[in-house]
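Chains Z and U are the protein sequences, given in the same order.
Take the first sequence: its letter number 296 is residue 296 in the UniProt record's numbering, and every next letter is one higher.
Take the second sequence: its letter number 302 is residue 302 in the UniProt record's numbering, and every next letter is one higher.
Glycine is no exception: its CB is placed at the ideal position from the N, C-alpha and C atoms.
There are 2 protein chains.
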Amino acid sequence: MSRTTIHDIAKELNTTAATVSRALNDHPSISSATKESVRRAAQKLNYQQNRAASSLRSGKTFVIGVIIPSAEISFFGSVIHGIEKVAKSRGYNVLLFQTNESYEDEAQGIRTLLQSNVDGIIASISKETTRYDHFLEVKKRKIPLILFDRAIDELDVPAVVIDDYKGAYLATEHLIQQGFQRIAHISGPQHIQIFHERLRGYVDALKAHHHKVDGDLIMYGKVSIDSGRICTEQLLNLPQRPDAIFAVEDFTALGALQAIKETPWNKPGQIGLVGFANEAFSAYITPGLTTVDQQTALMGQEAANIFMSLRQEEENPPEFPQKIVLDPVLIVRQSSLRRKSQSNHGGK
Amino acid sequence: MSRTTIHDIAKELNTTAATVSRALNDHPSISSATKESVRRAAQKLNYQQNRAASSLRSGKTFVIGVIIPSAEISFFGSVIHGIEKVAKSRGYNVLLFQTNESYEDEAQGIRTLLQSNVDGIIASISKETTRYDHFLEVKKRKIPLILFDRAIDELDVPAVVIDDYKGAYLATEHLIQQGFQRIAHISGPQHIQIFHERLRGYVDALKAHHHKVDGDLIMYGKVSIDSGRICTEQLLNLPQRPDAIFAVEDFTALGALQAIKETPWNKPGQIGLVGFANEAFSAYITPGLTTVDQQTALMGQEAANIFMSLRQEEENPPEFPQKIVLDPVLIVRQSSLRRKSQSNHGGK
DNA sequence: CTGAAAGCGCTTACAG
DNA sequence: CTGAAAGCGCTTACAG
Chain Z
1 MSRTTIHDIA KELNTTAATV SRALNDHPSI SSATKESVRR AAQKLNYQQN RAASSLRSGK
61 TFVIGVIIPS AEISFFGSVI HGIEKVAKSR GYNVLLFQTN ESYEDEAQGI RTLLQSNVDG
121 IIASISKETT RYDHFLEVKK RKIPLILFDR AIDELDVPAV VIDDYKGAYL ATEHLIQQGF
181 QRIAHISGPQ HIQIFHERLR GYVDALKAHH HKVDGDLIMY GKVSIDSGRI CTEQLLNLPQ
241 RPDAIFAVED FTALGALQAI KETPWNKPGQ IGLVGFANEA FSAYITPGLT TVDQQTALMG
301 QEAANIFMSL RQEEENPPEF PQKIVLDPVL IVRQSSLRRK SQSNHGGK
Chain U
1 MSRTTIHDIA KELNTTAATV SRALNDHPSI SSATKESVRR AAQKLNYQQN RAASSLRSGK
61 TFVIGVIIPS AEISFFGSVI HGIEKVAKSR GYNVLLFQTN ESYEDEAQGI RTLLQSNVDG
121 IIASISKETT RYDHFLEVKK RKIPLILFDR AIDELDVPAV VIDDYKGAYL ATEHLIQQGF
181 QRIAHISGPQ HIQIFHERLR GYVDALKAHH HKVDGDLIMY GKVSIDSGRI CTEQLLNLPQ
241 RPDAIFAVED FTALGALQAI KETPWNKPGQ IGLVGFANEA FSAYITPGLT TVDQQTALMG
301 QEAANIFMSL RQEEENPPEF PQKIVLDPVL IVRQSSLRRK SQSNHGGK
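(1) Which residues in the same chain as Z/ASP226 place their Cβ atom closer than 7 Å to its Cβ, once the five residues preceding and following it in sequence are excluded?
(2) Compute the distance between the beta-carbons of Z/GLN294 and Z/ALA277, then report whether it is under 9 Å.
(3) Within 9 Å of any Cβ in chain Z, is that where the Cβ of residue 351 of chain U sits?
(4) Can you name the residues of chain Z whose CB is closer than 9 Å to the CB of U/ILE285?
(5) So, using beta-carbon positions, are Z/MET219 and Z/ALA244 closer together than 9 Å?
(6) Helix, strand or coil, according to DSSP, for U/ASP214 in the structure here?
(7) Check the Cβ of U/THR112 against every Cβ in chain Z and list those closer than 7 Å, keeping chain order.
(8) Would Z/GLU313 be called buried (16 or more neighbouring beta carbons within 10 Å of its own) or exposed?
(9) List, in chain order, every chain U residue whose beta-carbon is nearer than 8 Å to that of Z/GLN98.
(10) Please check the pair U/HIS147 and U/ILE162, which I expect to be a contact at CB under 8 Å, by giving their CB distance rounded to whole angstroms.
(11) Could you pull out every residue in the same chain whose Cβ sits closer than 7 Å to the Cβ of U/PHE307, ignoring the five residues on either side in sequence?
(12) By alpha-carbon positions, which one of Z/GLY91, Z/GLU104 and Z/GLU12 ends up nearest to Z/LYS44?
(13) Distance check for Z/ALA168 and Z/GLY275, CA to CA, integer angstroms please.
(14) Any contact between the segment 82-99 of chain U and the segment 26-41 of chain U? By contact I mean 3 or more CB pairs, one from each, below 8 Å.
(15) So with CB distances below 8 Å, who are the chain U contacts of Z/THR61?
(16) Does the Cβ of Z/LEU136 have 16 or more other Cβ atoms within 10 Å, making it buried, or fewer, making it exposed?
(17) Determine the burial state of U/PRO189: buried for a count of at least 16 other Cβ atoms within 10 Å of its Cβ, exposed for fewer.
(18) Would you mind telling me which residues of chain U sit closer than 7 Å to Z/LEU337, beta carbon to beta carbon, in chain order?
(19) What does Z/GLU72 touch in chain U if you count any residue whose Cβ is under 7 Å from its own?
(20) Measuring CA to CA, which of U/LEU217, U/GLN108 and U/PRO328 is closest to U/THR291?
(21) Would you call Z/PHE251 buried or exposed, if buried means 16 or more other Cβ atoms sit within 10 Å of its Cβ?
(22) When you compare only the Cα positions, how much space is there between Z/SER335 and Z/LYS261?
(23) Using a Cβ cut-off of 9 Å, pull out every chain U residue sitting near Z/GLN193, in sequence order please.
(24) On the criterion of 16 or more Cβ atoms from any shown chain inside 10 Å, does Z/SER32 qualify as buried, or is it exposed?
(25) Would you say Z/HIS345 reaches chain U, if we count a Cβ-Cβ gap shorter than 9 Å as a contact?
(26) Classify Z/GLU154: buried if its beta carbon has 16 or more other beta carbons within 10 angstroms, exposed otherwise.
(27) Can you find a C-beta in chain Z that's less than 9 Å from the C-beta of U/ASN305?
(28) Touch check for the segment 261-270 of chain Z and the segment 44-54 of chain Z: three-plus C-beta pairs under 8 Å?
(29) What residue range does the alpha helix (DSSP H) around Z/HIS27 cover?
(30) Assuming U/THR51 and Z/GLN115 are in contact, meaning their beta carbons sit under 8 Å apart, how far apart are those beta carbons, in whole angstroms?
(31) What is the DSSP secondary structure of Z/ALA247, counted as helix, strand or coil?
(32) Let me see if you follow: with CB-CB separation under 9 Å, is Z/LYS261 close to chain U or not?
(33) Nearest by alpha-carbon distance to Z/VAL213: which of Z/THR172, Z/LYS222, Z/SER224 and Z/ARG229 is it?
(34) U/LEU330 to Z/ALA247, Cα distance in whole Å?
(35) Please decide whether Z/ARG40 counts as near chain U, where near means a Cβ-Cβ distance under 9 Å.
(36) Alpha carbon to alpha carbon, what distance is there between U/ARG333 and U/LEU175?
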């Protein structure tokens, strides 16, 4: 009792496999009567196409390979969601590979995806990766490669990123508009581009609103809860202490919040706080954390959309790789509202 | 400049494709000298196996299909992580399909995976699904099917679940041991098995410790933040109000926490609280939420392990499907510690 | 509108 | 230990 093939259907209908294949693929030169009877027979015999055979012959697999550091990180889970959603709607499937931030695993992943003849690869580069030979191999084989979030300009491939500069600008401007006067920033390592961009956005927003940029108010942390706490303690001990803090991302902001809460002279709402990333916890801590949303699911969708458009233009690919820069979205919650009580009363 | 095939390697070495294939697959009857030279030539020519061709001929794809409601839910992201990790270590890849809790999408997913000739399917059933014909089709084709978390006994297939009864028992016992006297439970809809099991665990723990089971202290909520808040307000207005609450899951617990904080007469630490699921936010709210961890990544790993063992025993499959019940892990944080100050001072 | 035939790149039973 | 040959299930250029 082996699987039904197009030959079984052909036999059933006294026709040939070629006709059956064409009918099932809705080939224009097949009469609609034939198509109808083939479809009926296929249904009756419970036929399922063998994709391996189809792709071996046609060269198309309708599979998109996705390479991410870890599906356990909610950011990537969300991006995968967006990618798979678009892929499915266009008849594509997603083959998933995790790198655990390792270069070796990433190179292995690329090899596997090439062996699987994926029609394209969407990837976010591992932290550890500094050589790009595996990605160059993908380019050499003319397989569409799209990067997201952690993009590498040097590779000269399409990418979807978020506008970190603008997100930081919006966050800082919001604090200014709330009336805060001395706004500090806890940044991260400057060799990582996104952190540097956020610092630039902070500085430019201050300048645009004629606020002084004070080097004492800029800390370089290690991007963690502990680091956020430590930097904040130092900031609050300054002779001229800040009245608001923009943290480079939400975990840093969380540490900052803990330090703020422990400060004896602090009253709720006295020190403004904004984070970045809109992590899962940000809405649920007290006070709710104002932050910058990165539109993660949209990022995945746009990456998949670029892939789809590359498929269309296969014969004459665009001269310059497309780069999509997503707009960050400021999410205002209680942590940045000035001198208001933090009671949740009546909140929902 | 098309891709290198085994014929190219054979030509290079004046041998045949058969020998090259055997050498690359480490076939025992090939001399090690031949294997070595084939491998070298393969490397030199940058050969990558064509998996479509291989699996068309051999019938094995080394692909595991995974069906989940959504990768955006951190629980599933974490399970995928576990599955992919084990799969990769054994040379398998993961083909991902999301159902968005829809029966139609789920059936479509199964169809796609069957067409892709996956070697096995690991799935968590959509909330909407009440017919199982698509899963029966998988069984009929003798393709290993493993369910996790949302398992269906009726299908009679292997499954990995968590022991909800035990998790609830541990949570309740912990509150008893902290010295709380009147412990309430906010449950969920009883037609969903996991919620019913948690209620049973709560009741049995009370009984085992000679606590009275008071129907007034058992609420049936809708499993959401709002519902947790509403149920808690009602509980705290009882003439004989509870001094601790075990919530059916962390979002309900979060709502409960909000209600507790707003209660005027409440002092920190006076009302004990435990949740269930160890959601991403649970560690970061104030006070930190004591909860029950579901070992999500382990759940994925175990599901993948079952698949691997089924592969081994392909010829004589086990008579009864294997069921793995994972041990829940109680994570104690501040929300359940009795009459202690909630200061974070010195915490890390 | 349909058929006959070749071939995608592998694997593997059979023969030596 | 290696080779010749068949075949997995499709698709598609060519012919009619």
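Working from what's here:
(1) The count along the first sequence starts at 1 and reaches residue 226 of chain Z at position 226. Excluding positions up to five away in sequence, the list reads GLY255.
(2) Taking the first sequence and counting its residues from 1, one reaches residue 294 of chain Z at position 294. Taking the first sequence and counting its residues from 1, one reaches residue 277 of chain Z at position 277. Yes. Within cutoff.
(3) No answer is possible for residue 351 of chain U: the residues shown for chain U start at 1 and end at 348.
(4) The residue you call residue 285 of chain U lines up with position 285 of the second sequence. Neighbours of U/ILE285 on chain Z, chain order: PHE281, TYR284, ILE285 and THR286.
(5) For the purposes of this step, residue 219 of chain Z is taken as residue 219 along the first sequence, with counting starting at 1. For the purposes of this step, residue 244 of chain Z is taken as residue 244 along the first sequence, with counting starting at 1. Against a cut-off of 9 Å, the Cβ pair of Z/ALA244 and Z/MET219 comes out as no contact.
(6) Against the second sequence, residue 214 of chain U aligns to sequence position 214. Three-state DSSP puts U/ASP214 in coil, outside helix and strand.
(7) Taking the second sequence and counting its residues from 1, one reaches residue 112 of chain U at position 112. Ordered by position in chain Z, the residues that pass the 7 Å Cβ test against U/THR112 are ASN93.
(8) The sequence position of residue 313 of chain Z within the first sequence is 313, counting from 1. So Z/GLU313 ends up on the exposed side.
(9) Residue 98 of chain Z sits at position 98 when you count from the first residue of the first sequence. Near Z/GLN98 (Cβ distances below 8 Å), the residues of chain U are HIS81, GLU84, LYS85 and LYS88.
(10) For the purposes of this step, residue 147 of chain U is taken as residue 147 along the second sequence, with counting starting at 1. For the purposes of this step, residue 162 of chain U is taken as residue 162 along the second sequence, with counting starting at 1. The question names His, but residue 147 of chain U in the sequence shown is Leu. With 8 Å as the limit, U/LEU147 and U/ILE162 do not qualify as a contact, their Cβ atoms being about 13 Å apart.
(11) Position 307 of the second sequence, counting from 1, holds the residue named residue 307 of chain U. Once the five neighbours on either side are set aside, the close Cβ partners of U/PHE307 are ILE64, GLY120, ILE122, PRO144 and ILE146.
(12) Looking up residue 44 of chain Z in the first sequence gives position 44. Of Z/GLY91, Z/GLU104 and Z/GLU12, the smallest CA-CA separation from Z/LYS44 is found for Z/GLU12.
(13) Numbered from its first residue, the first sequence carries residue 275 of chain Z at position 275. Numbered from its first residue, the first sequence carries residue 168 of chain Z at position 168. About 9 Å.
(14) Under the 8 Å Cβ criterion, the segment 82-99 of chain U does not count as touching the segment 26-41 of chain U, having fewer than three qualifying pairs.
(15) Taking the first residue of the first sequence as 1, we reach residue 61 of chain Z at position 61. ALA52, listed in chain order.
(16) For this step, residue 136 of chain Z is matched to residue 136 along the first sequence. Exposed is the call here.
(17) As a working note, residue 189 of chain U is residue 189 in the second sequence. Exposed: under 16 other Cβ atoms inside 10 Å.
(18) For this step, residue 337 of chain Z is matched to residue 337 along the first sequence. Result: empty, since nearest Cβ-Cβ is about 18 Å, beyond 7 Å.
(19) Numbered from 1 along the first sequence, position 72 holds the residue referred to as residue 72 of chain Z. Per Cβ cutoff of 7 Å: GLY77, SER78, HIS81 and ALA297.
(20) Mapped onto the second sequence, residue 291 of chain U falls at position 291. Of the candidates U/LEU217, U/GLN108 and U/PRO328, the one whose C-alpha sits nearest the C-alpha of U/THR291 is U/PRO328.
(21) Position 251 of the first sequence, counted from the start, is the residue given in the question as residue 251 of chain Z. Sixteen is the threshold: when 16 or more other Cβ atoms of the shown chains lie within 10 Å of the Cβ of Z/PHE251, as they do, the residue is buried.
(22) For the purposes of this step, residue 335 of chain Z is taken as residue 335 along the first sequence, with counting starting at 1. For the purposes of this step, residue 261 of chain Z is taken as residue 261 along the first sequence, with counting starting at 1. About 11 Å.
(23) The residue given as residue 193 of chain Z occupies position 193 in the first sequence. What Z/GLN193 touches in chain U: nothing, since even the nearest Cβ is about 25 Å away.
(24) The sequence position of residue 32 of chain Z within the first sequence is 32, counting from 1. Result: exposed.
(25) Residue numbering aside, residue 345 of chain Z sits at position 345 when the first sequence is read from its first letter. Legend: pLDDT at Z/HIS345 = 40, less than 50; position of this residue unreliable, no value from coordinates given.
(26) Mapped onto the first sequence, residue 154 of chain Z falls at position 154. Flag for Z/GLU154 reads exposed.
(27) Looking up residue 305 of chain U in the second sequence gives position 305. Not flagged as an interface residue toward chain Z: U/ASN305, since no C-beta distance is shorter than 9 Å.
(28) no
(29) Within the first sequence, numbered from 1, the residue matching residue 27 of chain Z stands at position 27. Premise fails: Z/HIS27 is in no alpha helix (DSSP H) and is neither H nor E.
(30) Mapped onto the second sequence, residue 51 of chain U falls at position 51. Mapped onto the first sequence, residue 115 of chain Z falls at position 115. Reading off the sequence, residue 51 of chain U comes out as Arg, not Thr. Their Cβ separation, rounded to whole angstroms, is 5 Å, which keeps U/ARG51 and Z/GLN115 in contact under 8 Å.
(31) What you label residue 247 of chain Z is simply residue 247 of the first sequence in a count that begins at 1. Here Z/ALA247 sits in strand by DSSP.
(32) For this step, residue 261 of chain Z is matched to residue 261 along the first sequence. Chain U, which has a Cβ nearer than 9 Å to the Cβ of Z/LYS261, makes this yes.
(33) Translated into positions along the first sequence, residue 213 of chain Z becomes position 213. Comparing Cα-Cα distances from Z/VAL213 to each of Z/THR172, Z/LYS222, Z/SER224 and Z/ARG229, the minimum goes to Z/THR172.
(34) One-based indexing of the second sequence puts residue 330 of chain U at position 330. One-based indexing of the first sequence puts residue 247 of chain Z at position 247. Roughly 32 Å separates the two Cα atoms.
(35) By one-based count along the first sequence, residue 40 of chain Z stands at place 40. Closer than 9 Å: no.
(36) Position 175 of the second sequence, counted from the start, is the residue given in the question as residue 175 of chain U. Position 333 of the second sequence, counted from the start, is the residue given in the question as residue 333 of chain U. Note on geometry: alpha-carbon atoms of U/LEU175 and U/ARG333 lie some 12 Å from one another.
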